[in-house]
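Q: Position one of the sequence shown corresponds to residue 30 (the working numbering), numbered consecutively onward.
Provided herewith is a single structure, encoded as structure tokens, for subsequent inquiry.
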Amino acid sequence: MTCGDNIESHPGFGKSGNAIIDDFILKRQLKWIPYNKFKNVEYLNEGGFGIIFKANWLNDADEEVILKCHKNLNENLYEFLNEWEYHEKCLDSDNIINFYGFTKDPNTSKYMV
30 MTCGDNIESH
40 PGFGKSGNAI
50 IDDFILKRQL
60 KWIPYNKFKN
70 VEYLNEGGFG
80 IIFKANWLND
90 ADEEVILKCH
100 KNLNENLYEF
110 LNEWEYHEKC
120 LDSDNIINFY
130 GFTKDPNTSK
140 YMV
């Protein structure tokens with residue numbers, strides 16, 4: 030996004046239905062990925078903070094990705110975004126998982142990363 034771009038022209042802007050998440054996507058130039066861009070979504074495990082799924086992302090590379098659905102995300106949204114802000118600062122490490130963006134499961138209305 031360049032200085033002259035209109036915020037609304039950013040590909041991820043306004044798609045999540047949540048102004049806080051949209052702002053986070055915009056500032057970090059992340060993606061809003063429609064849930065229908067994932068196939069073969071399969072439950073893997075559940076931990077204290079969320080549920081983990083694997084899926085195939087129907088992008089140019091048809092990548093296998095992990096989707097994390099955080100428990101109580103709506104109640105802990107700021108804490109969650111702060112965690113990902115810290116995560117983003119560590120992306121140069123080979124031991125850190127790439128963070129592509131957000132999606133929302135239409136069946137549960139839960140946000141996933």
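Cβ atoms here follow ideal geometry from the backbone N, Cα and C, with glycine treated the same way.
1) Helix, strand or coil for Asn74? Go by DSSP, reduced to three states.
2) For Glu104, which of Phe78, Tyr64 and Ile126 has the nearest alpha-carbon?
3) Using 8 Å for Cβ pairs, my map puts Ala84 next to Lys68. What's the rounded Cβ distance?
4) Does the distance from the C-beta atom of Lys60 to that of Leu87 stay below 7 Å?
5) By alpha-carbon positions, which one of Phe53, Asp91 and Ile95 ends up nearest to Met141?
6) So, is Glu37 buried or exposed, given that buried needs 16 or more other C-beta atoms within 10 angstroms?
7) What would DSSP say about Lys44, mapped onto helix, strand or coil?
8) What residue from Leu106, Asp91 and Ile80 has the CA that sits closest to Ala48's CA?
9) What are the boundary residues of the beta strand (DSSP E) that includes Ile81?
A: Walking through what the data contain:
1) Secondary structure of Asn74 (DSSP, three-state): strand.
2) Nearest in C-alpha terms to Glu104, of all of Phe78, Tyr64 and Ile126, is Phe78.
3) Here Ala84 really is in contact with Lys68; their C-beta atoms are around 7 Å apart, less than 8 Å.
4) In this structure, Leu87 does not lie closer than 7 Å to Lys60 by Cβ.
5) Nearest C-alpha to Met141: Ile95.
6) Reliability fails at Glu37, whose pLDDT of 43 lies under 50, so the model's placement of it is uncertain and the value that follows must be treated cautiously. Burial check for Glu37: the Cβ neighbour count within 10 Å stays below 16, so the residue is exposed.
7) Looking at Lys44 - three-state DSSP - the assignment turns out to be coil, as it is neither helix nor strand.
8) By alpha-carbon distance to Ala48, the top candidate from Leu106, Asp91 and Ile80 is Leu106.
9) Here the beta strand (DSSP E) through Ile81 covers Gly79 to Trp86.
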